[in-house]
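Protein chains in written order, with this note's numbering: chain A, 1 to 115; chain B, 116 to 227. Note that beta-carbon positions come from the ideal geometry of N, C-alpha and C, so glycine has one too. Predicted model only: the values in this text are computed from it and were never measured. Some notes on the structure that comes next.
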Amino acid sequence: AQSVAQPEDQVNVAEGNPLTVKCTYSVSGNPYLFWYVQYPNRGLQFLLKYITGDNLVKGSYGFEAEFNKSQTSFHLKKPSALVSDSALYFCAVRAPTSGTYKYIFGTGTRLKVLA
Amino acid sequence: DGGITQSPKYLFRKEGQNVTLSCEQNLNHDAMYWYRQDPGQGLRLIYYSQIVNDFQKGDIAEGYSVSREKKESFPLTVTSAQKNPTAFYLCASSIQGGSPLHFGNGTRLTVT
């Protein structure tokens with residue numbers, strides 16, 4: 001079955017420290033992978049995507065993600081966390097289905113950056 | 116400015132009533148999607164539409180219905196058959212071919 005897993009419900013990190021939010025996926029074919037961020041009572045905002053090319057993808061607000069095909073992972077990273085990065089983060093994959101595509105989301109990871 | 120508008124932001128209904136959630140986009144996107152968000156369960160796909168007058172069931176379509184009569188609009192009706200309708204509903208759109216989804220700001224539906 002095609003799926004996305006975010007193994008951590010919550011990640012706590014001190015301001016200024018590096019952060020990692022984990023994501024693994026299972027999908028047939030070449031994966032299109034995405035990260036989104038959600039603030040309270042709002043929709044999701046796109047951060048970055050991987051389709052092809054360099055395994056390290058840079059996105060908005062200083063975030064980056066590393067695609068690892070052998071480990072089927074797409075972890076989100078930032079070298080130095082800000083308190084304002086505290087939010088809910090979702091990993092997603094575009095999955096082929098019945099001649100078209102749909103987007104499958106993980107369950108989300110709540111990031112808390114402590115001052 | 117282009118974007119997706121969902122209305123209303125908050126909606127309250129009595130059990131047994133059908134309710135329709137609005138989603139309008141002016142991004143000229145072909146594809147539109149409805150997701151339901153519950154705490155700890157992430158986003159689950161209800162329905163999606165790749166072109167006008169065509170739509171497909173997602174993973175949790177039971178108790179919901181949609182229409183796609185215009186490119187800009189993709190309303191979702193939550194029927195009385197939906198057993199647990201209280202949730203946060205998100206509409207999204209995309210250009211075809213693997214582009215990121217653009218999301219509206221959601222409608223929080225409470226049914227009592």
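Is there a Cβ from chain A that is less than 8 angstroms from the Cβ of residue i?
{"i": "glycine 117(B)", "result": "no"}
{"i": "glutamine 140(B)", "result": "no"}
{"i": "proline 215(B)", "result": "yes"}
Within 10 angstroms of the Cβ of residue i, are there 16 or more other Cβ atoms? Answer buried if so, exposed if not.
{"i": "isoleucine 104(A)", "result": "buried"}
{"i": "leucine 191(B)", "result": "buried"}
{"i": "glutamine 152(B)", "result": "buried"}
{"i": "aspartate 9(A)", "result": "exposed"}
Between the Cα of residue i and those of the options, spot the shortest distance and give me the residue it belongs to.
{"i": "threonine 225(B)", "options": "His217(B), Asn141(B) and Thr201(B)", "result": "Thr201(B)"}
{"i": "asparagine 168(B)", "options": "Arg223(B), Ser188(B), Thr222(B) and Pro215(B)", "result": "Ser188(B)"}
{"i": "lysine 198(B)", "options": "Lys186(B), Ile210(B) and Tyr179(B)", "result": "Tyr179(B)"}
{"i": "glycine 173(B)", "options": "Gln45(A), Val83(A) and Ala95(A)", "result": "Ala95(A)"}
{"i": "lysine 186(B)", "options": "Ala196(B), Ala207(B) and Thr194(B)", "result": "Ala207(B)"}
{"i": "tryptophan 35(A)", "options": "Leu82(A), Ala5(A) and Gly16(A)", "result": "Ala5(A)"}
{"i": "proline 79(A)", "options": "Phe63(A), Ser70(A), Pro7(A) and Tyr101(A)", "result": "Phe63(A)"}
{"i": "methionine 147(B)", "options": "Leu126(B), Gly131(B) and Gln121(B)", "result": "Gln121(B)"}
Under 8 angstroms between C-beta atoms, does residue i make it to chain B?
{"i": "arginine 94(A)", "result": "yes"}
{"i": "lysine 102(A)", "result": "yes"}
{"i": "threonine 107(A)", "result": "yes"}
{"i": "tyrosine 89(A)", "result": "no"}
{"i": "tyrosine 32(A)", "result": "yes"}
Would you grab the beta carbon distance between residue i and residue j for me? Rounded to a whole angstrom, and I think it's under 8 angstroms.
{"i": "leucine 33(A)", "j": "valine 113(A)", "result": "Actually they are not in contact, since the Cβ atoms of leucine 33(A) and valine 113(A) sit about 24 angstroms apart, beyond 8 angstroms."}
{"i": "tryptophan 149(B)", "j": "isoleucine 161(B)", "result": "4 angstroms"}
Name the residues in the segment 37-59 of chain A whose C-beta lies less than 8 angstroms from a C-beta of chain E; which are they?
-> Here the protein chains are A and B, and chain E is not one of them.
Where in the segment 135-176 of chain B do unbroken runs of the beta strand (DSSP E), each at least 3 residues long, occur, reported from the N-terminal end onward?
-> Listed in chain order, the beta strand (DSSP E) elements of length 3 or more contained wholly in the segment 135-176 of chain B are 146-153, 157-166 and 169-172.
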